[in-house]
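Residue numbers (numbering that gives the first Met the number 0): 0 to 206.
Below: the structure, in structure tokens.
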Amino acid sequence: MTAPVEGSSSANSTTASRGSLFQLISVGLLFVSFIFLIVSAATTGWIVVGSTNIGLFTVCGGGYCGSTLNAFANQSSCQSRDQAAQAFIVLAILTIFPLLCIVAIRRFIGHTEVGALVNKYIPWWIDVITAAVIVFFLTITWGAVANYYTDCVCNNVGSTACGLNYGVLLFLARDENNEVKPVHTHQPPHQQSSNLDNTQPDAAHAA
């Protein structure tokens, strides 16, 4: 008779432990990135100028909403930076759905033939790296907005109540009127007209 190989049993146990750890990490990162992705894509309050909320895709104020890119129509550099932020949001969306499918297959139909193939050919560390990449994309998006809000918005509008809304990362802290409050205010060095001032007419015309 062939004696049982203790080393092989120990290796299998170690592999299983690593798989469980990677599974826990990937699911945790997936949950965080999914929540942040929803908040990042949906909010219109990344930057606050008085009662006007500026998001990655839309600018809303006075009951009207318009395109953020249109608001930066005369500022090509600012428009490019907003497009870059939008691109990273889109990349995060395109990346998160395949990861959701893989995690769901492992979790709910891992005992089937399809689940066995996924577990065999897609190791758990791939899930961890993919989830980390999604978080990285969202971090870049936030950094892009933090980079352009002063030069592209607050320096160009005649309002002292202009600031970056850090509450976006805290799941949209809102006041009793359901309006996003700026956490940091910025005093513009000069008064200058901006396309952001024309948000209401443009949106009304578009409607």
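A virtual CB, placed ideally from N, CA and C, is assigned to each residue, including glycine.
At the level of alpha carbons, what is the spacing between I133 and G114?
Position 134 of the sequence shown, counted from the first residue, corresponds to residue 133. Position 115 of the sequence shown, counted from the first residue, corresponds to residue 114. Going by the C-alpha atoms only, they are around 23 angstroms apart.
Please go through the same chain and pick out, in chain order, the residues whose beta-carbon is closer than 7 angstroms to the beta-carbon of R17, but skip the five residues on each side of it.
If you number the sequence shown from 1, residue 17 lands on position 18. Take R17, set aside five residues on each side of it, and no residue of its chain has a beta-carbon closer than 7 angstroms to its own.
Please report how far the alpha carbon of I139 lies from the alpha carbon of V152, in whole angstroms.
For this step, residue 139 is matched to residue 140 along the sequence shown. For this step, residue 152 is matched to residue 153 along the sequence shown. Each residue's Cα considered, the two are about 19 angstroms apart.
I'd like to know whether the C-beta atoms of G162 and V47 end up nearer to each other than 8 angstroms.
Counted from its first residue, the sequence shown places residue 162 at position 163. Counted from its first residue, the sequence shown places residue 47 at position 48. Their beta carbons are under 8 angstroms apart, which means G162 touches V47 by this criterion.
Which same chain residues end up closer than 8 angstroms to V127 when comparing Cβ atoms and leaving out the 5 residues on each side of it in sequence?
As a working note, residue 127 is residue 128 in the sequence shown. Excluding residues within five positions, the ones whose Cβ falls inside 8 angstroms are F21, I24, S25, L28.
Leaving out the 5 sequence neighbours to the left and right, which residues in its chain are closer than 6 angstroms to Y215 when beta-carbon positions are compared?
Nothing about residue 215 can be reported from this structure: the residues present for the chain run from 0 to 206 only.
Give the straight-line distance between the Cα atoms of Q78 and E112, rounded to the nearest whole angstrom.
One-based indexing of the sequence shown puts residue 78 at position 79. One-based indexing of the sequence shown puts residue 112 at position 113. Distance between the alpha carbons of Q78 and E112: 48 angstroms.
I need the boundaries of the beta strand (DSSP E) containing G114, first residue and last residue.
Counted from its first residue, the sequence shown places residue 114 at position 115. No beta strand (DSSP E) holds G114; the alpha helix (DSSP H) holding it covers 112 to 120.
Is it right to say G109 is buried, meaning 16 or more other beta carbons lie within 10 angstroms of its own, or is it exposed?
In the sequence shown, residue 109 corresponds to position 110, counting from 1. Exposed: under 16 other Cβ atoms inside 10 Å.
Classify H185 as buried or exposed, calling it buried when 16 or more other Cβ atoms lie within 10 Å of its own Cβ.
Translated into the one-based positions of the sequence shown, residue 185 becomes position 186. In this prediction, H185 has a pLDDT of 46, which is less than 50 and means its spatial position is unreliable; nothing more can be read from the coordinates.
Excluding the 5 residues flanking V89 on each side, which residues of the same chain have their C-beta closer than 6 angstroms to its C-beta?
For the purposes of this step, residue 89 is taken as the residue at position 90 of the sequence shown. Cβ-Cβ distances below 6 angstroms link V89 to nothing in the same chain once the five nearest sequence neighbours on each side are left out.
Is it the case that the Cβ atoms of L137 and A91 are separated by a distance below 8 angstroms?
For the purposes of this step, residue 137 is identified with residue 138 of the sequence shown, where counting begins at 1. For the purposes of this step, residue 91 is identified with residue 92 of the sequence shown, where counting begins at 1. Going by C-beta atoms, L137 is nearer than 8 angstroms to A91.
Taking buried to mean at least 16 other C-beta atoms within 10 Å of its own C-beta, is G61 buried or exposed?
Mapped onto the sequence shown, residue 61 falls at position 62. So G61 ends up on the exposed side.
By Cβ distance, which residues of its chain are closer than 7 angstroms to I101, with the 5 residues on each side in sequence left out?
To locate residue 101, count along the sequence shown from 1; it is residue 102. Cβ within range, chain order: V117, I121, D126.
Considering just the uninterrupted stretch of the alpha helix (DSSP H) at S76, what are its terminal residues?
In the sequence shown, the residue the question calls residue 76 occupies position 77. That run of the alpha helix (DSSP H) goes 75 to 107.
On the DSSP letters alone, give me the boundaries of the beta strand (DSSP E) that C153 sits inside.
For this step, residue 153 is matched to residue 154 along the sequence shown. DSSP places C153 outside any beta strand (DSSP E), giving it a letter other than H or E.
Let me check understanding here. Comparing Cα to Cα, which of S75, T51, Q85 lies closest to G157?
Position 158 of the sequence shown, counted from the start, is the residue given in the question as residue 157. Nearest C-alpha to G157: T51.
Going straight from the alpha carbon of S19 to that of W124, what length do you get?
Walking along the sequence shown from the start, residue 19 turns up at place 20. Walking along the sequence shown from the start, residue 124 turns up at place 125. Those two C-alpha atoms are separated by around 10 angstroms.
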